[in-house]
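In the UniProt record's numbering, the protein residues as written are 1 to 331.
Working notes, structure below.
Listed below in structure tokens is the structure:
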């Protein structure tokens with residue numbers, strides 16, 4: 001028996017989420033709908049013009065949101081990451097503890113520096129735009145990977161955002177090889193269309209011959225494969241992933257179970273915030289397949305969970321909401 005269902009590696013960020021109008025992007029020269037890496041000075045300029053009293057603060061980052069979802073549904077997860085010895089770093093540690101996720105962070109031994117922050121700007125059309133200052137997580141490297149946690153997991157989950165630095169990419173490759181050498185399955189998410197657009201060769205390097213599970217949204221799948229339609233893209237993805245999920249927003253998702261394609265129906269909802277929807281889909285799905293559920297049942301769970309996420313502000317469910325979703329699907 002493995003101790004963990006999923007061990008994740010990724011950029012540890014504190015999400016600061018707030019609502020804006022489209023005019024905000026024009027006034028402050030922000031590219032809508034993408035994750036953009038910025039320096040601390042640029043991020044502080046934006047921080048100065050937002051109403052921080054109305055902002056929602058949570059520990060986040062793509063893989064963090066996913067392993068927290070695994071925990072909330074009743075799974076056991078671990079997160080390997082890096083934060084600094086500052087107020088936000090300590091906040092991150094406490095939030096992970098409260099989320100029931102084991103991790104490699106010792107609050108007594110955190111390095112000096114600045115914890116990464118992600119400004120999440122949500123518009124009336126529910127689209128999320130992110131400006132991220134990585135801070136100390138930019139130095140996440142092989143030495144931060146917990147080998148024993150990976151060996152004691154059913155799956156390693158790799159966040160695509162790590163490809164932006166050489167040391168992050170090295171950590172991805174090291175963790176993947178470690179997992180494969182110890183019979184641990186490897187899942188990866190592309191994380192954002194901008195990552196695929198600008199770092200495709202790095203993804204090719206990390207993926208190597210293949211991964212066991214790949215998560216992509218429709219835009220990422222088309223960008224990565226260079227295809228014009230999703231039918232061609234999904235055939236191309238078979239070459240690099242034994243199984244995969246392509247999320248399609250309000251149109252549900254497509255799952256490849258290694259043999260056939262499964263269409264996952266969307267759950268009707270009124271979307272107000274898409275932040276964290278893909279992370280939640282991955283977390284609920286990973287919980288399902290590591291706890292005896294079929295790909296189809298796991299997809300249904302993931303679809304219901306992500307529809308709940310987009311109907312509210314913030315990337316995370318409340319504990320009782322996760323239990324209610326499980327109860328609806330398993331009465």
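Idealized CB from N, CA, C, for every residue including glycine.
Within the DSSP bridge table, the entry for residue 60 names 13 as partners. For residue 128, the three-state secondary structure derived from DSSP is strand. For residue 325, the secondary structure class from DSSP, reduced to helix, strand or coil, is helix. At the C-beta level, residue 158 and residue 8 come within 9 Å of one another.
Excluding the 5 residues flanking it on each side, residue 112 has same chain C-beta neighbours closer than 7 Å at 84, 85, in chain order. Between residue 246 and residue 276, the CB-CB gap reaches or exceeds 9 Å.
When DSSP assignments are scanned along the region 16-59, the uninterrupted stretches of alpha helix (DSSP H) that are 4 or more residues long and fall wholly within it turn out to be 22-28, 40-49.
A distance below 9 Å separates the beta carbons of residue 140 and residue 167.
Membership of residue 116 in the beta strand (DSSP E) is indicated by the continuous run 116-122. Here residue 26 is exposed: its Cβ has fewer than 16 other Cβ atoms, across all protein chains shown, within 10 Å.
Taking C-beta atoms as the reference points, residue 213 and residue 243 count as a pair closer than 9 Å.
If you draw a straight line from the Cα of residue 176 to the Cα of residue 23, it is about 42 Å long. Looking at the backbone, the Cα of residue 248 and that of residue 108 are separated by about 43 Å. In the DSSP assignment, residue 289 falls within the unbroken alpha helix (DSSP H) covering 277-289.
Ranked by Cα distance from residue 268, the first of 291, 305, 284, 55 is 305. In this structure the region 50-64 touches the region 85-105; the number of beta carbon pairs closer than 8 Å is three or more. With fewer than three CB-CB distances shorter than 8 Å, the region 123-133 does not count as touching the region 96-108. In the structure shown, residue 267 adopts coil according to DSSP, grouped into three states. Counting of Cβ neighbours within 10 angstroms places residue 31 among the exposed residues, the total staying below 16.
DSSP places residue 261 in the strand class (E or B) of the three-state scheme. Assignment of residue 185 by DSSP, reduced to helix, strand and coil, places it in the strand class.
The residue among 190, 150, 16 with its C-alpha nearest the C-alpha of residue 116 is 16. Rounded to whole angstroms, the separation of the alpha carbons of residue 299 and residue 126 is 22 Å. Judged by DSSP in its simplified three-state form, residue 213 adopts strand. A contact between stretches requires three or more CB pairs, one per stretch, nearer than 8 Å, and the region 227-238 fails this requirement with the region 186-202.
Looking at 40, 4, 14, 42, the one whose alpha-carbon comes closest to that of residue 71 is 4.
Non-local beta-carbon contacts of residue 186 in its own chain, meaning distances under 6 Å to residues more than five positions away in sequence, involve 156, 176, 179, 211, 212 in chain order.
Per DSSP, reduced to three states, the secondary structure at residue 8 is strand. In the three-state reduction of the DSSP assignment, residue 245 falls in the strand class. For residue 256, the enclosing beta strand (DSSP E) begins and ends at 253-256. Taking the C-beta atoms as reference points, residue 250 is found no nearer than 9 Å to residue 123.
For residue 158, the enclosing beta strand (DSSP E) covers residues 153-159.
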